Amino acid sequence: MATRDTDWDGVRLHVVTGKGGTGKTTVAGALSLALAADGRRVLLMEVEGRQGIAQLFDVPPLPYAERRIAVGPGTSSRPGGDVFALVADPESALIEYLQMFYGLRHAGSALARLGVMDFATTIAPGLRDVLLTGKAAEAVRRKDGARGRSYDAVVMDAPPTGRIGRFLNVSAEVSDLARVGPIRGHADTVQQVIRSPETVVHFVTVLEEMPVQETLDGIAELRALGGIRPGGIIVNMTRPMALPPGQLHEAANGKLDLAQLAIGLKAAGLDDSQGLADALATELAEQARTTLGQEEQQQRLESARQPCYRLPWISGGMDLAGLYRLAAALREQKAA
Ligand SMILES: Nc1ncnc2c1ncn2[C@@H]1O[C@H](COP(=O)(O)OP(=O)(O)OP(=O)(O)O)[C@@H](O)[C@H]1O
Ligand SMILES: [Mg+2]
16 MATRDTDWDG VRLHVVTGKG GTGKTTVAGA LSLALAADGR RVLLMEVEGR
66 QGIAQLFDVP PLPYAERRIA VGPGTSSRPG GDVFALVADP ESALIEYLQM
116 FYGLRHAGSA LARLGVMDFA TTIAPGLRDV LLTGKAAEAV RRKDGARGRS
166 YDAVVMDAPP TGRIGRFLNV SAEVSDLARV GPIRGHADTV QQVIRSPETV
216 VHFVTVLEEM PVQETLDGIA ELRALGGIRP GGIIVNMTRP MALPPGQLHE
266 AANGKLDLAQ LAIGLKAAGL DDSQGLADAL ATELAEQART TLGQEEQQQR
316 LESARQPCYR LPWISGGMDL AGLYRLAAAL REQKAA
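Numbering-wise, the numbering used here comes out as the position in the sequence shown, counting from 1, plus 15.
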């Protein structure tokens, strides 16, 4: 397949993190659509068991199975590829793993009776994470005879920034738990995938102090861990500003020419042009202060020296059309 000129050519596992509520699930969905353009096959994976993907794509709750949920943007000569979705939970991943490695058929119910599930989920949180990242690694590496790789790319809607380092740095956690044996081998394979140049971690944020701080901290944490590549910074929910840059400071300080505004409003035939001009000036001042604050946050983000992308605020609520708009914006900016 022809390679596209994007910032992440060669990347096959896109991990999407960010502060809660900034749009991780939405951006992961948009990114999977963008990556599925030109006939590529993409797997979008959810690991927190919240059915966010089903909600986003407006489909019934998803099982632990890969289901086709959408088609990427395409043209008449190059139709879009398929987006599959998977909701991965540690219990199902453990059963699948045991079946694969030990040939244990029907192991699920027996294991559940023996309390293995409690072991996996409560006693060993590190093992839980290995099972989830392991599923992503398996999908990335999977081959299917005729077509080579099963997926051209895997996108993971990952845990939030505060937990991402620990979530991905599974090897250290698990080596305490299992020094030898298949689980250890599994953890090592997963680490090879996570720490390969084929994996990057994207950060979704909005231009506010806290999420920007979490983004910078998250990138610093990955760099400190070593070997896990930070990816793009995706600034979500941006809105165009009503004022030209030159007037921002004036407006923010309440120094807009009110008389001029009133004359303009009067010329437009509006009654009480003075009262309207006052109200408008207050509104503009507030918007201008917000915009200036956002510019400050944008500059802080740029200090991280990672590629930055901007996604627009979709008014009227997120729907499939909005999601395709975000996908197009990602492609225009060469994020996919
Ligand atoms: N660009 C956008 N324009 C408008 N609304 C958006 C945009 N991106 C996300 N949203 C909305 O913001 C809300 C939060 O988005 P989303 O669920 O993707 O965030 P999240 O980071 O995954 O949240 P959580 O931490 O709860 O998993 C949703 O209602 C979503 O529709
Ligand atoms: Mg989410």
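Cβ coordinates follow ideal geometry from the N, Cα and C atoms, glycine included.
Being a predicted model, the structure only gives us computed values, none of them experimental.
Assuming the contact rule is C-beta atoms closer than 8 Å, residue i and residue j should be a hit. Round their C-beta distance to whole Å, please.
i, j, result
"residue 276", "residue 296", "6 Å"
"residue 171", "residue 31", "6 Å"
"residue 356", "residue 189", "Coverage of the chain is limited to positions 16 through 351, which leaves residue 356 absent and any answer about it impossible."
"residue 104", "residue 64", "5 Å"
"residue 234", "residue 319", "5 Å"
"residue 343", "residue 88", "7 Å"
"residue 163", "residue 201", "Incorrect: roughly 24 Å between the Cβ atoms, too far for contact."
"residue 34", "residue 176", "6 Å"
"residue 37", "residue 212", "With 8 Å as the limit, residue 37 and residue 212 do not qualify as a contact, their Cβ atoms being about 26 Å apart."
"residue 341", "residue 45", "4 Å"
"residue 266", "residue 303", "4 Å"
"residue 312", "residue 224", "7 Å"
Quick check on DSSP: helix, strand or coil for residue i?
i, result
"residue 59", "strand"
"residue 303", "helix"
"residue 245", "strand"
"residue 83", "strand"
"residue 226", "helix"
"residue 166", "coil"
"residue 3", "The chain is shown only over 16 to 351; residue 3 falls outside these bounds and no answer can be derived."
"residue 138", "Because the pLDDT of residue 138 is 49, which lies under 50, any placement of that residue in the model is unreliable, and the question is left without a value."
"residue 256", "coil"
"residue 325", "strand"
"residue 349", "coil"
"residue 115", "helix"
"residue 271", "coil"
"residue 295", "helix"
"residue 101", "strand"
"residue 220", "strand"
"residue 354", "Residue 354 lies beyond the range of the chain shown here (16 to 351); nothing can be said about it."
"residue 44", "helix"
"residue 149", "helix"
"residue 214", "strand"
"residue 176", "helix"
"residue 77", "coil"
"residue 32", "strand"
"residue 26", "coil"
"residue 20", "coil"
Please identify the residue among the options whose C-alpha is closest to the C-alpha of residue i.
i, options, result
"residue 260", "309, 144, 208, 219", "309"
"residue 291", "279, 227, 83", "279"
"residue 350", "246, 214, 320, 329", "246"
"residue 323", "331, 231, 203, 340", "231"
"residue 111", "176, 153, 257, 82", "153"
"residue 39", "338, 348, 347, 346", "338"
"residue 142", "303, 102, 184", "184"
"residue 330", "255, 311, 287", "255"
"residue 91", "248, 177, 82, 53", "53"
"residue 268", "115, 159, 305, 228", "305"
"residue 82", "72, 101, 236", "101"
"residue 241", "41, 321, 333, 210", "210"
"residue 347", "332, 327, 165", "327"
Hey, residue i and residue j: beta-carbon distance below 8 Å or not?
i, j, result
"residue 85", "residue 77", "no"
"residue 107", "residue 79", "yes"
"residue 167", "residue 55", "yes"
"residue 74", "residue 147", "no"
"residue 43", "residue 59", "yes"
"residue 169", "residue 23", "no"
"residue 299", "residue 257", "yes"
"residue 208", "residue 155", "yes"
"residue 263", "residue 307", "yes"
"residue 49", "residue 345", "yes"
"residue 243", "residue 217", "no"
"residue 57", "residue 96", "yes"
"residue 51", "residue 98", "yes"
Taking 8 Å as the threshold (beta carbon to beta carbon), is residue i in contact with chain D?
i, result
"residue 143", "Of the chains in the structure shown, none is chain D; there is only one protein chain."
field: Residues with C-beta closer than 5 Å to any heavy atom of ligand 2, in chain order
entry: 39, 40, 67
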